[in-house]
């Protein structure tokens, strides 16, 4: 399988899809570049979750404070 790609005028490269999948690289994921022994090394970074991600995770773990059925919610939105 050909893993050769070109560097654009902006210094960008496209990581082949099968390599991204094998490495678990996803869109918008941060990566780190290093130069070691004449090689360019690319690694995933494990940055701490941002404020929004932490808030979403807290909401997912939270226990509901009230229990409403779908019908209850529809009644409330209709003003009944």
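Residue numbers (UniProt numbering): 1 to 80. Don't be surprised by glycine CBs; every beta carbon is placed ideally from N, CA and C.
According to DSSP, residue i sits in a beta bridge with which residue or residues?
{"i": "residue 36", "result": "39"}
{"i": "residue 31", "result": "44"}
Measuring only the C-alpha atoms, how far is residue i from residue j?
{"i": "residue 5", "j": "residue 46", "result": "26 Å"}
{"i": "residue 56", "j": "residue 62", "result": "10 Å"}
{"i": "residue 73", "j": "residue 12", "result": "50 Å"}
{"i": "residue 16", "j": "residue 37", "result": "23 Å"}
{"i": "residue 75", "j": "residue 59", "result": "24 Å"}
{"i": "residue 69", "j": "residue 20", "result": "43 Å"}
{"i": "residue 8", "j": "residue 54", "result": "36 Å"}
{"i": "residue 100", "j": "residue 28", "result": "What the structure shows of the chain is the stretch from 1 to 80, and residue 100 is not part of that stretch, so it cannot be assessed."}
Return the residue from the list the options that minimises the CA-CA distance to residue i.
{"i": "residue 18", "options": "30, 2, 9", "result": "2"}
{"i": "residue 71", "options": "79, 22, 60", "result": "79"}
Please say whether residue j and residue i have beta carbons closer to each other than 7 Å?
{"i": "residue 44", "j": "residue 52", "result": "no"}
{"i": "residue 42", "j": "residue 33", "result": "yes"}
Flag residue i as yes when its Cβ comes closer than 6 Å to any non-hydrogen atom of the ligand ADP, and as no otherwise.
{"i": "residue 29", "result": "Absence of the ligand ADP from the depicted structure is noted, as is the absence of any ligand whatsoever, leaving it without description."}
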